[in-house]
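Chemist: Sending over a structure as C-alpha cells; questions will come in a sec.
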Amino acid sequence: MLSTPLRLIHHELIIFWRFTWRDWSAGIMPGTLRTIAALCSLHSPSAELIVLTIARAFVYFVLYLYTFNIANQITGLDEDRINKPDRPLPSGLLSIRGAYVRLCLLTAVYIYVSAVWGVLPWTFLWLFISALETFGQCDRNWFFKNVIFVSVGTFCLLQAAWALAAPITPRETHWAMVLSLAFGITINIQDLRDVEGDRATFRRTLPIVLGVRNFRWVMAAITAITPYVCWLVEFELDWRAGVALTIAMFLLAGRILGGASKDKKYDHKTYMVRVSRLVLARKLTSCLDADLYPVWLHCCTVDKALGGFGCDLGQRL
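Sequential numbering of the sequence shown, starting at 37, is according to our numbering.
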C-alpha cells in the first residue's frame with residue numbers, strides 16, 4: 037500500500053500523462069532533441085553540461101506542453117466529450133477547478149525557470165499565443181488555429197530549445213522560421229480526425245470549410261510542393277536530407293489522398309507520420325553540417341523509432 041505522499045505523486049503523474057500523452061511527439065520529444073542538436077554544435081561540451089542542459093530542456097518542454105494542454109482541454113471540454121472522452125476532464129479524473137489550480141501553479145513555475153534559464157521572451161510569446169488560442173477562442177478559426185498559432189508556437193519551441201544550449205544565430209532563426217511555417221501550413225491534416233466534434237462545437241476547420249474530399253486534394257498538393265518551396269527560400273539541407281524529405285512528403289501526400297476510403301484511425305496515423313517527418317526535419321536543420329553528419333544519422337535513427345512508436349500507438353488506439 038502506497039503512503040499518502042506517494043499516492044499523491046502517483047495521482048499527479050496519472051493526471052499529467054492523461055493530459056499530455058498524445059502530444060509528446062509534437063512537443064517534448066522534438067524540443068529536447070533540438071537542444072541535443074544545439075549541444076552538438078558546441079566545441080567539446082563537458083559531460084556535466086550535457087546532462088544538465090538535457091535535463092533542463094526536458095523540464096522546460098514538459099511545462100511548455102502541460103500548461104498549454106491544460107488550458108486547451110479546459111476550453112475544449114465539450115469537444116473532448118465526443119472525440120477524446122478518456123482525457124482527465126471529460127472522464128471525471130479531475131475537476132475544472134483542479135485544472136485551473138494546476139494551470140496557475142505550473143505557469144508560475146514555467147515563467148520562473150524560463151527567466152533563470154534565459155529563454156523568457158520565447159516563453160512569454162508562447163503563453164500569449166496560447167491564451168489567444170484557448171481562452172480567446174481564436175481556435176474556432178482554422179487560419180489562426182493552425183497557420184498562425186502552430187507556426188508561432190513551433191518557432192518559440194525551436195528558438196527556446198536552441199537557446200537552452202547555444203547562442204541563436206541568424207541561420208538558426210532562418211531555419212526555424214521556414215520549418216515553423218511548413219509545420220503550421222501542413223498541420224491542417226490533424227483536423228481530419230475530429231470533423232464530427234468540430235461540427236458539434238461549430239468550429240470552422242479547413243476540412244469543414246472546403247469539404248473533406250476537396251480538403252484532401254488541397255492538402256496533398258501543398259504537402260507535395262513543400263520541399264520545392266523550402267528550396268526556393270534557401271532552406272539549407274544536405275542533398276541526402278533533401279532527397280529523403282522529398283520522398284517522405286510525397287508518401288505523406290499519398291496517405292492523405294488514400295484516407296478517403298479509410299477511417300479516423302488511418303487519418304490519425306497519417307498525422308503521426310507527418311509529425312515524425314517534421315520532427316526529423318527539425319533535427320536535419322540542426323545537425324547537417326559536414327562535421328555533424330554522424331549526429332544526423334543518429335537523429336534519423338531516433339526519429340524513426342519515435343515516429344514508428346507514435347504511428348503504432350495511434351493505430352492501436
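All C-beta atoms, glycine included, are put in the ideal place defined by N, C-alpha and C.
Does the Cβ-Cβ distance between residue 186 and residue 219 come in under 8 Å?
Modeler: As a first step, residue 186 is located in the sequence shown; it is residue number 150 there, counting from the start. As a first step, residue 219 is located in the sequence shown; it is residue number 183 there, counting from the start. Yes. Within cutoff.
Chemist: Near residue 223, which residues of its chain fall below 6 Å by C-beta distance, leaving aside the five closest residues on each side in sequence?
Modeler: Here residue 223 refers to the residue found at position 187 of the sequence shown. 182, 186, listed in sequence order.
Chemist: What are the start and end residues of the alpha helix (DSSP H) that includes residue 138?
Modeler: Start at 1 with the first residue of the sequence shown, and residue 138 comes out as number 102. Where residue 138 is concerned, the enclosing alpha helix (DSSP H) stretches over 132-153.
Chemist: Here's a check: name, in chain order, each residue in its chain whose Cβ is nearer than 8 Å to the Cβ of residue 142, leaving out the five neighbours to either side.
Modeler: Position 106 of the sequence shown, counted from the start, is the residue given in the question as residue 142. The answer, listed in chain order, is 99, 102, 103, 106.
Chemist: Which residues in the same chain as residue 263 place their Cβ atom closer than 8 Å to its Cβ, once the five residues preceding and following it in sequence are excluded?
Modeler: Walking along the sequence shown from the start, residue 263 turns up at place 227. Excluding residues within five positions, the ones whose Cβ falls inside 8 Å are 278, 281, 282, 285.
Chemist: Mind the definition here: the region 114-126 touches the region 54-62 only if three or more C-beta pairs lie below 8 Å; say whether that holds.
Modeler: The region 114-126 vs the region 54-62: in contact.
Chemist: Between residue 260 and residue 213, what straight-line distance do the alpha-carbon atoms span, to the nearest angstrom?
Modeler: Counted from its first residue, the sequence shown places residue 260 at position 224. Counted from its first residue, the sequence shown places residue 213 at position 177. Using only the alpha carbons, I get a separation of about 19 Å.
Chemist: What span of residues does the alpha helix (DSSP H) with residue 51 cover, start to end?
Modeler: Counting from 1 along the sequence shown, the entry for residue 51 is found at position 15. Counting along the chain, the alpha helix (DSSP H) containing residue 51 begins and ends at 40-56.
Chemist: Evaluate the contact criterion for the region 239-246 versus the region 198-208: three or more CB pairs, one atom per stretch, below 8 Å.
Modeler: At 8 Å Cβ cutoff, the stretches do not touch.
Chemist: According to the Cβ coordinates, are residue 69 and residue 86 closer than 8 Å?
Modeler: One-based indexing of the sequence shown puts residue 69 at position 33. One-based indexing of the sequence shown puts residue 86 at position 50. For residue 69 and residue 86, no; Cβs fall outside 8 Å.
Chemist: Quick one: is residue 225 buried, meaning 16 or more other Cβ sit within 10 Å of its Cβ, or exposed?
Modeler: Position 189 of the sequence shown, counted from the first residue, corresponds to residue 225. Buried, since its Cβ has 16 or more Cβ neighbours within 10 Å.
Chemist: Where do the ends of the alpha helix (DSSP H) carrying residue 109 lie?
Modeler: Reading the sequence shown from its first residue, position 73 is the one you call residue 109. 83-111 is the extent of the alpha helix (DSSP H) around residue 109.
Chemist: What is the DSSP secondary structure of residue 240, reduced to helix, strand or coil?
Modeler: Looking up residue 240 in the sequence shown gives position 204. DSSP places residue 240 in strand when its eight states are reduced to three.
Chemist: My understanding is that residue 119 touches residue 170, with C-beta atoms under 8 Å, so please give their C-beta distance in whole angstroms.
Modeler: Stepping through the sequence shown from its first residue, residue 119 is reached at position 83. Stepping through the sequence shown from its first residue, residue 170 is reached at position 134. Wrong, their Cβ atoms sit about 16 Å apart, outside the cutoff.
Chemist: When burial is assigned at 16 or more other CB atoms within 10 Å of the CB, is residue 162 buried or exposed?
Modeler: Residue numbering aside, residue 162 sits at position 126 when the sequence shown is read from its first letter. The residue is buried, with at least 16 neighbouring Cβ atoms inside 10 Å.
Chemist: Going by C-alpha distance, which of 175, 215, 290, 217 is nearest residue 252?
Modeler: Counted from its first residue, the sequence shown places residue 252 at position 216. Nearest C-alpha to residue 252: 290.
Chemist: By a C-beta neighbour count over all protein chains shown, 10 Å radius and 16 as the cutoff for buried, is residue 233 buried or exposed?
Modeler: Start at 1 with the first residue of the sequence shown, and residue 233 comes out as number 197. Label assigned to residue 233: buried.
Chemist: Start and end of the alpha helix (DSSP H) containing residue 226?
Modeler: Position 190 of the sequence shown, counted from the start, is the residue given in the question as residue 226. Neither: residue 226 is in no alpha helix (DSSP H) and is coded neither H nor E.
Chemist: Please name the residue, chosen from 111, 50, 131, that lies closest to residue 168 on a Cα-to-Cα basis.
Modeler: Within the sequence shown, numbered from 1, the residue matching residue 168 stands at position 132. The candidate whose alpha carbon is nearest that of residue 168 is 111.
Chemist: Looking at the unbroken alpha helix (DSSP H) that takes in residue 196, where does it start and where does it end?
Modeler: Position 160 of the sequence shown, counted from the first residue, corresponds to residue 196. Start and end: 185-199.
Chemist: Could you work out which residue in 139, 221, 89 is closest to residue 265 when comparing CA atoms only?
Modeler: The residue you call residue 265 lines up with position 229 of the sequence shown. Out of 139, 221, 89, 221 has the C-alpha closest to the C-alpha of residue 265.
Chemist: Within this structure, are the beta carbons of residue 197 and residue 83 separated by less than 8 Å?
Modeler: In the sequence shown, the residue the question calls residue 197 occupies position 161. In the sequence shown, the residue the question calls residue 83 occupies position 47. Taking 8 Å as the Cβ cut-off, residue 197 and residue 83 do not qualify as a contacting pair.
Chemist: So, for residue 127: in the same chain, excluding its five sequence neighbours on each side, which residues have a beta-carbon less than 7 Å away from its beta-carbon?
Modeler: The sequence position of residue 127 within the sequence shown is 91, counting from 1. So the list reads 121, once near-sequence residues are dropped.
Chemist: Along the chain, where does the alpha helix (DSSP H) that runs through residue 76 open and close?
Modeler: Stepping through the sequence shown from its first residue, residue 76 is reached at position 40. First-last of the alpha helix (DSSP H) with residue 76: 64-76.
Chemist: Name the DSSP beta bridge partners of residue 177, please?
Modeler: Position 141 of the sequence shown holds residue 177. Looking at the DSSP assignment, residue 177 forms a beta bridge with 240.
Chemist: Just mark residue 154 as buried or exposed, buried being the case when its beta carbon has 16 or more other beta carbons within 10 Å.
Modeler: Residue mapping note: residue 154 aligns to position 118 of the sequence shown, counting from 1. Its Cβ having fewer than 16 others within 10 Å, residue 154 is exposed.
Chemist: Which whole-angstrom value is the C-beta distance of residue 239 and residue 176, which I expect to be below 8 Å?
Modeler: On the sequence shown, residue 239 is found 203 positions in, with the first residue counted as 1. On the sequence shown, residue 176 is found 140 positions in, with the first residue counted as 1. Between residue 176 and residue 239 the Cβ distance is about 5 Å, and since that is below 8 Å, they are a contact.
Chemist: Could you tell me the boundaries of the alpha helix (DSSP H) in which residue 171 lies?
Modeler: To locate residue 171, count along the sequence shown from 1; it is residue 135. Taken as a continuous stretch (DSSP letters only), residue 171 belongs to no alpha helix (DSSP H), as it is neither H nor E.
Chemist: How big is the Cα-Cα spacing for residue 192 and residue 117?
Modeler: Within the sequence shown, numbered from 1, the residue matching residue 192 stands at position 156. Within the sequence shown, numbered from 1, the residue matching residue 117 stands at position 81. Going from the Cα of residue 192 to the Cα of residue 117 covers about 30 Å.
Chemist: DSSP three-state call for residue 341: helix, strand or coil?
Modeler: For the purposes of this step, residue 341 is taken as the residue at position 305 of the sequence shown. At residue 341 the pLDDT is 34, less than 50, meaning the model places this residue with poor confidence; the figure from the coordinates comes in the next sentence. Residue 341: helix per DSSP, three-state reduction.
Chemist: Roughly how many whole angstroms lie between the Cα atoms of residue 40 and residue 47?
Modeler: Taking the sequence shown and counting its residues from 1, the one referred to as residue 40 is at position 4. Taking the sequence shown and counting its residues from 1, the one referred to as residue 47 is at position 11. Near 10 Å, if we compare the C-alpha coordinates of residue 47 and residue 40.
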